[in-house]
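J.:
Protein chains in written order, with this note's numbering: chain P, 9 to 675; chain W, 9 to 675.
This is the structure:
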């Protein structure tokens, strides 16, 4: 056949014999590799892939991984789990970007030996196959060095058997040492590599943390004046003692006075109304300034230091909007939308008007300057030591802006965490995570029935979401006081606290939750006399508070890995539509945790649940002891169905630490 | 800011303002676009995509499509179906490759007008917004020509309202004609295009066809000699009269004599044993020759013509293996595996041996010549007018060989269909479809219980499989006589026939099925006295045959689109674990078809089933008439639950053509 015709008939990639191995469906990946999956520094990354070839050859597969920009790959073996699906894991390195792939190839030696064994079992003569094997070993020796090469050649000689008996030759062929040598020398001929998949590695805090939101200006005792950072710092020991990891502060910037909202969102503010912290910007500065009533930038630096001293990270609010008094309004009027008369448009969503807020116009012709200025804001606070940003309404700004901002920040500061406050449609919320957000607020507050809770957490902990979307379960926020809390009182607060703290590796409460504050503007989820519009000092040790339960739960979260991961979650059958029972299992050893919650805040329940004894490693018939880590009461259980009595007036939930399983393999 | 720093901070794609619109999850696609999805010439291609942006702007989206290599795109609008998911459809062109994508953008005019309407509803003054709108219209006019541009400018003038009243200005803004003009002039600023997805378009036969397999050598009356193509042609009128579309012939090539298998797979053949047609090749030729007992190539050409005259396509068997007597063995010994002594290895799977078969070694150093020779074989038969190849055991040859072969053939002959006979693990079977096979044998023969049948067809008719995997449901094959048929006799044959013919747009039977031949080698699925090893003339009108039912079913298949597509299939609740009831709906109009089958071949059942009246467009309370197209009996039904009595001794199944729905939109 002519060379041109051959070239036409065998174009690349067919100009060389293509690999027989197919590698497909490699996970973790997002939308087939369009977006990076997420990982946590030091956590296992569980890799799965389809690896197969024509025929019945023995295959091998490894996951290969490296930091982006590195030359050398590390690798970890994959093992065949079920039906052509292979699995294995490696440990994610320090925060930053990694890439990984899966390589699969035909193991010539193992294929030969598996065939040899079948022939021996069938009692066939294998003289010819021994000679084939010896030839294969000599070929492998050509790919090896030193002892390996010498060892392979020695085995080849023994298997050829010029001097040994047939039995000795067969024994040599089946020698486990030979298998080890052959594996070491395997040249992986015709290996197939999947395309490189990216992995964004973030710090542990992106996965695990108990968050506490409070308004620093309310930290004092006088409702007529803002507390200072120094006064707010006095709250830190109490917050740390409750076991929180992160404090999240609403915007700390100067607040505008033009069209400032008054108490309870009144259109006209009284002279002494402090205004909403989200009305950012005044003559005193914008997104890179602190409110003078809170103190100076130096005071803020000191506050950060003090928080760090208590082991607390500080999350700032990144709310990309301006009050009419924000310096950007005069310095960069082109960053806002204008009316035909030249005046700047405030936020409107007919019939609602927000005269105190000027939205930024991301479609401005001057978009590049706007983007860069926002990057400067973020860099500014990072420069002050802030590593966490809670981003206000990111879904009203372009996705690709966030992609650019977060990726850019991560280039030099991969430790920085971005939490998306996007209460919007599922695909939009998910897109923000795909485009870079480390964590996201969720619909948790509105998932209050058993069916809702089971569906919600099942979806969150499975593919595709589990590969890129990290929920942060806030039980309340300054904007959301759910009817379940309004109506259910303290038992409802306990229910929601336990669900958030045990089912969410990241969860949070907004201050007041610990006192079961539950008075809303009627018919809404807004707090009455909302702290958004006024200064609200509290008695931080008011009777009836649930601080001991919060403290206990946060202690358990730090103690048990099961509560730190969303690795594996499954719901148990129960006897009652108000009883939720759920097992959490950590990825790499440590006990399973069983959480049982009575959602009915009006009556006590005997909550029965069915335990999958075998997969929990529990005795099938013999009784065993379990302790409710909330109440401290130890119970003796036996068999599949057991129960616990849950009285909402006492404690509507129980958290059982199950006996540790003997098998410590990745779960 | 310095230009270099700007370039570093705003690298491509950020050197221009990126689009705000996200287009994601576009279907049909296979593994995120790694493989082409499949379509059929003239069929609708249903496109779905996630399209969304930040904020609340009004979006628009279209699917764009063209033949590969064409410059101009065609397009079809997508409409918002639910939660950011858009859908629409276009018609696939002639066989060949197409590509398509989805484009989404912000509709500036519609966004402006939706906002205007909200303001008007809120009884706000919209003077400023009218001026904004007029400016927008002038901008749009700049993108338009002729009447459109003039019309837009006229509207701009009216809306600016130098001469008109406020009410007239508002009326002009809300004029539907204006909306049409604005849409026509829409420049799609900042549109996002998804990457181009490929689509392999195949002829209708790749989707729809009733197949009949028979051994031409058995078409005569004398069991001691092979029938000829001329005698086999005498079978064509009967096969065509039964309503079949395709006849599939086992290999028609010369059969080797060395180590030929005898009757019932005996190791040693008797002198008059004809051998298995899959033992290909002798002194008389190999894959490009016909068995002299069948006739000459010219006889085969005549047979093809005669089949075509009866409206029958002919599928040839492509079995890439050789008898020891195949010409390739001497001409290309390097295409086979060798023992150390130089002899060629026959097929072995210890403890089984197949001395009559030499497998081809696709790992030969001379692989390119082997590939090209096989391509030559396929081209040879295409040259003779064969357009369908049933490929024997493709899963034992490299996937990328098939990819190359099929894509290469399709370049010049996109009408050629390849059916994979791959009874292997699911992922391997699916990979063959991804790498190019038009159709595949399935596990249908082993899916005999209600639960199995429901799960099997639900999986086949949904994503991901539905986008690329086309089942061909053979009810029996020369290798597979399932225990259900062995034990169930005629009722079982009827059950399996109805299931295959109604649930499979492509289905097939191997001759003998129509006579309910069901005697197997005990404890196996092999036929006793298998036709693979002997010549088996039949009385083609033997009493007790089920040819009338076959004929009726094939008639119904041609009559009703519902039976020609696997577009939408859903199973109904029934009163009985032996009763399967299923609705099939065609994609573009035509009546729904209801199939009810009693799987219990031992007793008659009153088969009750629950009809989803509303989605079937049936009266919710009033009675309605339906005819069982198999029995011709008309029944009057009313309400959700109805029944039909199915007696296996009479007919274990019913096929109801439901009254056509009024709504003829794509279903």
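Note that CB positions come from ideal geometry on N, CA and C, so glycine has one too.
(1) Please classify residue 221(P): is it buried, with 16 or more other beta-carbons within 10 angstroms of its beta-carbon, or exposed?
(2) Going straight from the alpha carbon of residue 303(P) to that of residue 261(P), what length do you get?
(3) Name the two residues that bound the continuous beta strand (DSSP E) containing residue 361(P).
(4) In whole angstroms, what is the alpha-carbon distance linking residue 73(W) and residue 472(W)?
(5) Return the chain-ordered ranges of every beta strand (DSSP E) run that is complete within the region 543 to 584 of chain W and spans a minimum of 3 residues.
(6) Compare the C-beta of residue 434(P) against all C-beta atoms of chain W and say whether one is closer than 8 Å.
(7) Could you spell out where the beta strand (DSSP E) holding residue 58(P) opens and where it closes?
(8) Under 8 Å between beta-carbons, which chain P residues line up against residue 404(W)? List them in chain order, please.
(9) Which residues share a DSSP beta bridge with residue 488(W)?
(10) Spell out whether any CB of chain W is found under 8 Å from the CB atom of residue 207(P).
(11) Might you give, ordered along the chain, the residues of its own chain that have their beta carbon closer than 8 Å to the beta carbon of residue 13(P), omitting 5 neighbours on each side?
(12) Could you give the distance in angstroms between the alpha-carbon of residue 94(W) and the alpha-carbon of residue 612(W)?
(13) Which residues in chain P have a C-beta closer than 9 Å to the C-beta of residue 97(W)? List them in chain order.
(14) Residues in the same chain with beta-carbon distance under 8 Å from residue 383(P), minus the five sequence neighbours each way, listed in chain order, please.
(15) Please name the residue in 225(P), 88(P), 138(P) whose C-alpha comes closest to that of residue 301(P).
(16) Which residues does DSSP pair with residue 524(P) in a beta bridge?
(17) With a cut-off of 8 Å, does the C-beta of residue 675(P) fall near any C-beta of chain W?
(18) What is the DSSP secondary structure of residue 675(W), reduced to helix, strand or coil?
(19) Terminal residues of the continuous beta strand (DSSP E) containing residue 514(P)?
(20) Taking C-alpha atoms, which residue in 488(P), 533(P), 645(P) lies nearest to residue 517(P)?
(21) Residues of the region 439 to 468 of chain P in Cβ contact with chain W at a cutoff of 9 Å, in chain order, please.
(22) So with Cβ pairs under 8 Å, would you call residue 87(W) a contact of chain P?
(23) So for residue 135(W), helix, strand or coil by DSSP?
(24) Determine the contact status of residue 662(W) and residue 639(W), defining contact as a CB-CB distance below 8 Å.
(25) Closer than 7 Å to a non-hydrogen atom of the ligand GTP - does that hold for the CB of residue 373(P)?
(26) Between residue 675(P) and residue 636(P), what straight-line distance do the alpha-carbon atoms span, to the nearest angstrom?
(27) When burial is assigned at 16 or more other CB atoms within 10 Å of the CB, is residue 630(W) buried or exposed?
(28) Can you pull the chain W residues whose beta carbon is under 7 Å from the beta carbon of residue 407(P), in chain order?
(29) Along the region 120 to 148 of chain P, where does the CB come closer than 8 Å to a CB of chain W? Name the residues.
(30) If contact is defined by three or more beta carbon pairs under 8 Å, each pair taking one atom from either stretch, is the region 582 to 590 of chain P in contact with the region 615 to 628 of chain P?
(31) Let me see if you follow: with CB-CB separation under 8 Å, is residue 366(W) close to chain P or not?
(32) From the DSSP output, in three-state form, read off residue 539(P) for me.
(33) Mind listing which residues of the region 492 to 503 of chain P have their C-beta closer than 9 Å to chain W's C-betas, in chain order?
(34) Would you list the residues sitting across from residue 254(P) in a DSSP beta bridge?
(35) Closest by CA to residue 316(W), which one among 362(W), 271(W), 247(W), 341(W)?
T.: Let's see:
(1) On the first chain, residue 221(P) is found 213 positions in, with the first residue counted as 1. Around the beta carbon of residue 221(P), 16 or more other beta carbons lie within 10 angstroms, which makes this residue buried.
(2) The residue labelled residue 303(P) in the question sits at position 295 within the first chain. The residue labelled residue 261(P) in the question sits at position 253 within the first chain. Their backbone Cα atoms lie some 10 Å apart in a straight line.
(3) Here residue 361(P) corresponds to residue number 353 of the first chain, with the count starting at 1. Segment 360 to 362, the beta strand (DSSP E) holding residue 361(P).
(4) Counted from its first residue, the second chain places residue 73(W) at position 65. Counted from its first residue, the second chain places residue 472(W) at position 464. Spanning the two alpha carbons is a distance of roughly 21 Å.
(5) Those beta strand (DSSP E) runs which fall completely within the region 543 to 584 of chain W and span 3+ residues are 576 to 579.
(6) For the purposes of this step, residue 434(P) is taken as the residue at position 426 of the first chain. By this cut-off, residue 434(P) is an interface position.
(7) One-based indexing of the first chain puts residue 58(P) at position 50. That run of the beta strand (DSSP E) goes 52 to 61.
(8) The count along the second chain starts at 1 and reaches residue 404(W) at position 396. Within 8 Å Cβ-Cβ: 62, 63.
(9) In the second chain, counting from the first residue as 1, residue 488(W) sits at position 480. Partner(s): 485(W).
(10) Position 199 of the first chain, counting from 1, holds the residue named residue 207(P). Chain W contact via Cβ: absent.
(11) Looking up residue 13(P) in the first chain gives position 5. Around residue 13(P), the same chain offers no residue with a beta carbon nearer than 8 Å, after the five sequence neighbours per side are excluded.
(12) Looking up residue 94(W) in the second chain gives position 86. Looking up residue 612(W) in the second chain gives position 604. Approximately 47 Å, taken between the alpha carbons.
(13) The residue you call residue 97(W) lines up with position 89 of the second chain. Listed along chain P, no residue sits closer than 9 Å to residue 97(W) by beta-carbon distance, the nearest being about 21 Å off.
(14) For the purposes of this step, residue 383(P) is taken as the residue at position 375 of the first chain. If we look at residue 383(P) and ignore the five residues flanking it on each side, its Cβ neighbours are 413, 416, 417.
(15) Residue numbering aside, residue 301(P) sits at position 293 when the first chain is read from its first letter. Residue 225(P) holds the alpha-carbon nearest to the alpha-carbon of residue 301(P) among 225(P), 88(P), 138(P).
(16) For the purposes of this step, residue 524(P) is identified with residue 516 of the first chain, where counting begins at 1. Partner(s): none; residue 524(P) has no beta bridge.
(17) One-based indexing of the first chain puts residue 675(P) at position 667. The pLDDT assigned to residue 675(P) is 49, lower than 50, so where the model puts this residue is not dependable; a value taken from the coordinates is nonetheless given after this. It does not; no Cβ of chain W falls within 8 Å.
(18) One-based indexing of the second chain puts residue 675(W) at position 667. Confidence is the limiting factor: at residue 675(W) the pLDDT is only 49, short of 50, which leaves the residue's position unreliable and the question unanswerable from this model.
(19) On the first chain, position 506 is the one that residue 514(P) refers to. 514 to 518 is the extent of the beta strand (DSSP E) around residue 514(P).
(20) Position 509 of the first chain holds residue 517(P). Of the candidates 488(P), 533(P), 645(P), 488(P) places its Cα closest to the Cα of residue 517(P).
(21) Look at the region 439 to 468 of chain P: the residues with a C-beta under 9 Å from a C-beta of chain W are 439, 442, 443.
(22) For the purposes of this step, residue 87(W) is taken as the residue at position 79 of the second chain. No, because no Cβ of chain P sits closer than 8 Å to the Cβ of residue 87(W).
(23) For the purposes of this step, residue 135(W) is identified with residue 127 of the second chain, where counting begins at 1. Looking at residue 135(W) - three-state DSSP - the assignment turns out to be helix.
(24) The sequence position of residue 662(W) within the second chain is 654, counting from 1. The sequence position of residue 639(W) within the second chain is 631, counting from 1. Their beta carbons are under 8 Å apart, which means residue 662(W) touches residue 639(W) by this criterion.
(25) Among the components modelled here there is no ligand, and therefore nothing to report on the ligand GTP.
(26) Position 667 of the first chain, counting from 1, holds the residue named residue 675(P). Position 628 of the first chain, counting from 1, holds the residue named residue 636(P). A caution first: residue 675(P) carries a pLDDT of 49, below 50, which makes its placement in the model too unreliable to give a value.
(27) Along the second chain, read from residue 1 onward, the residue named residue 630(W) stands at position 622. Residue burial is scored here from C-beta neighbours: residue 630(W) has fewer than 16 other C-beta atoms within 10 angstroms and is therefore classed as exposed.
(28) On the first chain, position 399 is the one that residue 407(P) refers to. Within chain W, the residues whose beta carbon sits less than 7 Å from that of residue 407(P) are 30, 62, listed in sequence order.
(29) The region 120 to 148 of chain P vs chain W, Cβ under 8 Å: 123, 126, 127, 129, 130, 132, 136, 139, 140, 143.
(30) Result yes; three or more Cβ-Cβ pairs closer than 8 Å.
(31) The residue given as residue 366(W) occupies position 358 in the second chain. Interface criterion not met: the Cβ of residue 366(W) is under 8 Å from no Cβ in chain P.
(32) For the purposes of this step, residue 539(P) is taken as residue 531 along the first chain, with counting starting at 1. Three-state result, residue 539(P): coil.
(33) Cβ contacts with chain W: none found.
(34) As a working mapping, residue 254(P) is identified with position 246 in the first chain. Residue pairing by DSSP puts residue 254(P) in a beta bridge opposite 219(P), 321(P).
(35) In the second chain, counting from the first residue as 1, residue 316(W) sits at position 308. Checking every option, the nearest Cα to that of residue 316(W) belongs to 247(W).
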